[in-house]
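S.K.: I am attaching a structure below and will ask some questions about it afterwards.
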Amino acid sequence: MQESGNAGNQPSFKGAEEQRAFEELQFEIVDAPHYNGWFTEPMVRKAISSLGNSMTMDNLEKWLKPYPKHLTEINGNHSIGLVMAGNIPAVGFHDLLCVLITGNKLKAKLSSDDNRLIPALTKLLVAIEPGFADSVMFTNDRLNGFNAIIATGSNNSARYFEYYFGKYPHIIRKNRNGVAVLTGKESQDELQLLCSDIFSYYGLGCRNVSHLFVPDEYDFVPLLDTCQQWVAMNDNHKYFNNYEYNKAIFLVNSTPHFDAGNLLVTESTSLASAVSVLHYEYYSTFDELQKKLEMIHDQTQCVVAADPLFNFSIPFGKSQEPQLWDYADGIDTIGFLVGLK
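This is how it looks when you write it as structure tokens:
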């Protein structure tokens with residue numbers, strides 16, 4: 007199984023605070039499954055490794071290069087409310103980093119599903135850059151006293167956010183999904199990478215592939231065989247319970263499907279799928295597919311395909327490895343923050 011990932015080799019530390027913060031983060035990584043069964047240690051390490059790999063000096067400079075004037079004129083007088091999601095480990099850290107790196111102060115409401123990893127990561131960040139120390143406040147209660155807000159949640163919670171936060175400058179994010187385009191000519195390596203896009207974080211991320219577009223007469227056997235290499239997904243009882251439940255529903259309702267032993271694949275036009283379920287939809291021509299992708303643009307977080315099948319697609323295996331400038335919902339968070347008056 008490819009559920010691996012690590013937070014890198016033991017680093018060197020500039021001081022005792024940095025080392026303590028790193029050790030506390032390691033404890034939280036190991037302890038995470040005890041309060042959130044989806045946050046298994048390999049998945050948490052994968053998430054933190056992805057964050058660390060994205061935050062190189064070159065990437066940070068490239069990320070901030072479009073805003074030199076704004077970032078040199080920062081006065082730090084904005085308090086930004088942040089309502090964090092908790093569907094995958096540390097998913098709210100990018101927003102947190104955006105707020106701090108633009109010189110603003112953060113008031114963050116933690117998700118009950120992820121209320122320990124984010125503070126531990128932030129403690130390490132502050133140990134590395136003490137200038138952030140007075141700019142972070144976490145709460146489990148209702149947010150107040152902010153000038154602008156960034157809130158991430160479901161379509162239902164987005165309506166709540168719009169009602170309560172609509173009068174403030176805001177970014178409000180709803181449900182989105184990752185989709186993949188297949189041609190039937192994918193190599194074994196490409197299918198293995200696609201499985202990473204499907205199975206990472208048990209499919210709970212908005213960038214996970216939950217829907218396939220496949221050509222007419224597509225042969226599912228190679229994909230199903232590759233999915234079976236991820237059978238250890240079933241070792242997580244929460245995932246396996248979902249798989250067993252959805253399988254029973256399909257059988258009772260006589261829903262046509264393929265069963266990979268750890269994943270149920272069924273035809274549907276719905277982009278969102280249940281845990282352990284993957285949807286597919288047929289296409290006849292690339293022109294037809296292009297029009298479909300344009301229609302669902304505001305419902306998709308990313309499109310995975312053989313590079314360069316589409317100029318807006320990303321390669322197989324990269325859906326859960328976003329760069330700093332790969333903003334959720336395509337909304338430039340840094341641009342939003344530096345544009346506040």
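Just so you know, the sequence shown maps onto residues 7 to 347 in this note's numbering. Cβ coordinates follow ideal geometry from the N, Cα and C atoms, glycine included. Values in this document were obtained by computation on a predicted structure and should not be read as measured data.
Nearest to P175 by alpha carbon, out of N161, F152, A126, M239?
M.R.: The count along the sequence shown starts at 1 and reaches residue 175 at position 169. For P175, the nearest C-alpha among the options comes from F152.
S.K.: Determine the extent of the alpha helix (DSSP H) in which P228 is found, giving its start and end residues.
M.R.: For the purposes of this step, residue 228 is taken as the residue at position 222 of the sequence shown. Element bounds for P228: 227-233.
S.K.: Quick check for students: name the residue ranges of the alpha helix (DSSP H) that lie wholly in the region 110-159, counting only runs of 4 or more.
M.R.: List check, alpha helix (DSSP H) in window: 123-134.
S.K.: Decide if A157 is buried, meaning its Cβ has at least 16 other Cβ atoms within 10 Å, or exposed.
M.R.: Position 151 of the sequence shown, counted from the first residue, corresponds to residue 157. Classification of A157: buried, given that the 10 Å Cβ count is 16 or more.
S.K.: What residues in its chain sit with their C-beta under 6 Å from that of G92, if we drop five residues either side in the sequence?
M.R.: On the sequence shown, residue 92 is found 86 positions in, with the first residue counted as 1. Result list for G92: S117, D119, D120, in chain order.
S.K.: Our contact map puts L149 next to K115 with C-beta atoms below 8 Å; I'd like the distance itself, whole angstroms only.
M.R.: On the sequence shown, residue 149 is found 143 positions in, with the first residue counted as 1. On the sequence shown, residue 115 is found 109 positions in, with the first residue counted as 1. Between K115 and L149 the Cβ distance is about 5 Å, and since that is below 8 Å, they are a contact.
S.K.: Please state if the CB of R179 and the CB of A334 are separated by a distance shorter than 8 Å.
M.R.: Here residue 334 is taken as the residue at index 328 of the sequence shown, counted from 1. Here residue 179 is taken as the residue at index 173 of the sequence shown, counted from 1. Closer than 8 Å, so yes.
S.K.: Let's test the definition: count the other Cβ atoms within 10 Å of the Cβ of V344 and tell me whether it reaches 16, buried, or not, exposed.
M.R.: As a working note, residue 344 is residue 338 in the sequence shown. Flag for V344 reads buried.
S.K.: Return the first residue and the last residue of the alpha helix (DSSP H) that N59 is part of.
M.R.: Counting from 1 along the sequence shown, the entry for residue 59 is found at position 53. Here the alpha helix (DSSP H) through N59 covers 47-60.
S.K.: With a 10 Å radius around its C-beta and 16 neighbouring C-beta atoms as the bar for buried, classify D64 as buried or exposed.
M.R.: Residue numbering aside, residue 64 sits at position 58 when the sequence shown is read from its first letter. So D64 counts as exposed.
S.K.: If we count the other Cβ atoms within 10 Å of its Cβ and call it buried at 16 or more, is L257 buried or exposed?
M.R.: Reading the sequence shown from its first residue, position 251 is the one you call residue 257. Exposed: under 16 other Cβ atoms inside 10 Å.
S.K.: Give the secondary structure of K298 by DSSP, where H, G and I count as helix, E and B as strand, and everything else as coil.
M.R.: The sequence position of residue 298 within the sequence shown is 292, counting from 1. Looking at K298 - three-state DSSP - the assignment turns out to be helix.
S.K.: Among L131, W331, M90, H100, whose alpha-carbon lies nearest the alpha-carbon of F349?
M.R.: With the chain represented from 7 up to 347, any question about residue 349 goes unanswered, as that position is not in the structure.
S.K.: For D64, which three-state DSSP category applies?
M.R.: Stepping through the sequence shown from its first residue, residue 64 is reached at position 58. Here D64 sits in helix by DSSP.
S.K.: Where Q32 and V142 are concerned, what is the direct C-alpha to C-alpha distance, given to the nearest angstrom?
M.R.: Translated into the one-based positions of the sequence shown, residue 32 becomes position 26. Translated into the one-based positions of the sequence shown, residue 142 becomes position 136. About 21 Å.
S.K.: Taking the alpha carbon of G184 as the point to measure from, which residue in G21, L277, A133, Y289 has its own alpha carbon closest?
M.R.: In the sequence shown, residue 184 corresponds to position 178, counting from 1. Among G21, L277, A133, Y289, the Cα nearest to that of G184 is on L277.
S.K.: Within 10 angstroms of the Cβ of E29, are there 16 or more other Cβ atoms? Answer buried if so, exposed if not.
M.R.: For the purposes of this step, residue 29 is taken as residue 23 along the sequence shown, with counting starting at 1. Exposed.
S.K.: In chain order, which continuous runs of the alpha helix (DSSP H) of length 4 or greater are located wholly inside the region 189-251?
M.R.: Here the runs fully enclosed are 194-205, 227-233.
S.K.: Using C-beta distances below 7 Å, list every residue in its chain close to T275, excluding the 5 sequence neighbours before and after it, in chain order.
M.R.: Indexing the sequence shown from 1 puts residue 275 at position 269. Closer than 7 Å at the Cβ level, and outside the excluded window around T275, lie E287.
S.K.: DSSP puts E287 in a beta bridge; with which residues?
M.R.: Residue mapping note: residue 287 aligns to position 281 of the sequence shown, counting from 1. According to DSSP, E287 bridges with F219.
S.K.: Quick check on the DSSP output: the alpha helix (DSSP H) that includes E34 runs from which residue to which?
M.R.: Here residue 34 refers to the residue found at position 28 of the sequence shown. Note, E34: alpha helix (DSSP H), 22-37.
S.K.: In terms of DSSP beta bridges, what is V89 paired with?
M.R.: Position 83 of the sequence shown, counted from the first residue, corresponds to residue 89. Answer by DSSP bridge pairing, in chain order: K115, A157.
S.K.: In this structure, does DSSP put H84 in helix, strand or coil?
M.R.: One-based indexing of the sequence shown puts residue 84 at position 78. Reduced to three states, the DSSP call for H84 is coil.
S.K.: How would you write the range of the alpha helix (DSSP H) that H176 sits in, first residue to last?
M.R.: By one-based count along the sequence shown, residue 176 stands at place 170. That residue, H176, is in no alpha helix (DSSP H); its beta strand (DSSP E) goes 176-179.
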